[in-house]
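In this note's numbering, the protein residues as written are 1 to 501.
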């Protein structure tokens, strides 16, 4: 009897222990459904970036970048390499759903219409707008942990860029709390030095200069074109010694370049309508080809596209140059931000999103992306010298070159501007690709950020743009109104007569 009772209790104990093990064993429900085999959890990360703005791999062997620190080549896409790295590093599978957008406004409209993404890469003024609307998830404290060797962004971002992201705020919150930079640059004029003087190219007023009628192009978007227009109409003020020597020069420059007073908007509209009559075209992407083929002599361009344009022209032995307007240049940034409607409070998604940023901030991947897209990364590499080596690989002079110049990149690569960050470059590069890729500190000193306009400002600026790009009824000549009115009257008379008959 005792044995029978003992056996009965033993069976119950075994059953309890087995039940406990089942409940505490880290096997997912999916694993139970698959006959006991463990099914790994997979994170889905939805990323939306600019078109052609990340390395898509498939390089030829001859494209290998040979640096002292080792060769770099893009065999797979950056997305494929990230998913493999993430699994090897964290033991978690991630599936990246990657899509693209064409302009900041396109991205915003996509979000407004209900498209859902976890990680997107807008420009600075759109980042500000999304921050203002409380649409963003802040970066985690762990993302800024310098002791984590996988935090390539925090450990490698340029000190110059870091300062900008820390000192610019929206509602008392620094950009850097919500955004991690990706690429940066300035706007300027790509020009044909055989047809355009450096002096003329160094002013926004070239866009409506009758000496270059049908020989210039301007961007077909309201923010870049408005910035250029403000620079042109305020040229005298911005170039005055009194203004440039003002102790609060940078603050005043930003205020002037983001002026949305009715008077300035009206003057900008008039200027842009003159540009419309003078320019070859308003364009988004065709300006590069128009410069290379010689259709136009000057083109308002982002510095990254300026590098591409000059590279393409060099292949045809058709040298072009790059100038930064004396009035001001727009310093722009594209940066990664996480969206609340995508990430929400999902810690796994946020970890994958921040890891995606870090993977693209690893020096070898920074070089791959820069080589592929032509723009300049915000990453300097910290103690890793490969990104500076890449700049020297691209623009350093050959040993037997005679006409060379020392080009100091210390402001970008270090806080102290050490001697080791000076490139000995061919002298003509001072105003060409190197200058566009890494502008001089003097050019940067007259740069201004485009701030986020509020709803009223945006509405007025957009209406101005509609007037320019379509038709402003207030600019239609009186004789046109008289002719139209007379035509209506004649038609009305004929109509009445016809009805009477």
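Backbone N, C-alpha and C define an ideal beta-carbon position, used for all residues, glycine too. Here the structure is a predicted model, which is why all the values come from computation and not from measurement.
Look at residue 426 here: in three-state DSSP terms it is strand. Excluding its 5 nearest sequence neighbours in each direction, residue 177 has C-beta neighbours in its own chain below 8 Å: 138, 139, listed in chain order. Rounded to whole angstroms, residue 400 and residue 221 show a C-alpha spacing of 45 Å. In the DSSP assignment, residue 243 falls within the alpha helix (DSSP H) that extends over 241 to 244. A straight-line Cα-Cα distance of about 14 Å links residue 217 and residue 305. Residue range 262 to 278 is occupied by the alpha helix (DSSP H) that includes residue 264, with no beta strand (DSSP E) assigned at that position.
With contacts defined by Cβ atoms closer than 9 Å, residue 64 and residue 72 form a contacting pair.
Beta-carbon to beta-carbon, residue 425 and residue 396 are separated by about 6 Å, close enough to satisfy the 8 Å threshold. In this structure, residue 352 keeps its C-beta atom at 9 Å or more from the C-beta atom of residue 81.
A direct Cα-Cα distance of roughly 15 Å separates residue 183 from residue 356. Between residue 446 and residue 284, the CB-CB gap reaches or exceeds 9 Å. The Cβ atoms of residue 339 and residue 190 lie no closer than 9 Å to each other. Less than 9 Å separates the beta-carbon of residue 126 from that of residue 107. Judged by DSSP secondary structure, residue 232 falls outside any beta strand (DSSP E) and instead within the alpha helix (DSSP H) spanning 222 to 233. Shortest Cα-Cα distance from residue 378 to any of 348, 411, 394 involves 411. Per the coordinates, the alpha-carbon of residue 318 lies some 36 Å from the alpha-carbon of residue 237. Looking at the DSSP output, residue 291 shares a beta bridge with no other residue. Scanning its chain for C-beta atoms nearer than 8 Å, with the 5 sequence neighbours on each side dropped, one finds around residue 363 the residues 152, 156, 379, 381, 384, 386, 387, in chain order.
Residue 219 has 283 as its beta-bridge partners, per DSSP. Per DSSP, the continuous beta strand (DSSP E) segment holding residue 186 begins and ends at 180 to 191.
Shown here, residue 333 sits in a strand according to DSSP, grouped into three states.
Across the structure, residue 368 and residue 181 are spaced so that their CA atoms are roughly 16 Å apart.
Closest in C-alpha terms to residue 470, from the list 86, 102, 66, 282, comes 282. According to the DSSP secondary-structure assignment, residue 301 is paired through a beta bridge with 188. If you draw a straight line from the Cα of residue 460 to the Cα of residue 124, it comes to about 20 Å. Between the alpha carbons of residue 294 and residue 194 lies a distance of about 11 Å. DSSP, read as helix, strand or coil, puts residue 470 in coil.
Listed in chain order, the beta strand (DSSP E) elements of length 3 or more contained wholly in the region 332 to 411 are 404 to 408.
Counting along the chain, the unbroken alpha helix (DSSP H) around residue 165 starts and ends at 159 to 167.
For residue 50, the enclosing beta strand (DSSP E) has its first and last residue at 42 to 50. With respect to the C-alpha of residue 374, the residue from 358, 413, 308 having the closest C-alpha is 308. Remark: three or more beta-carbon pairs, one from each stretch, lie closer than 8 Å, so the region 322 to 336 and the region 197 to 204 are flagged as touching. Excluding residues up to 5 positions away in sequence, 154, 155 lie with their Cβ nearer than 8 Å to the Cβ of residue 146 in the same chain. Counting of Cβ neighbours within 10 angstroms places residue 335 among the buried residues, the total reaching 16 or more.
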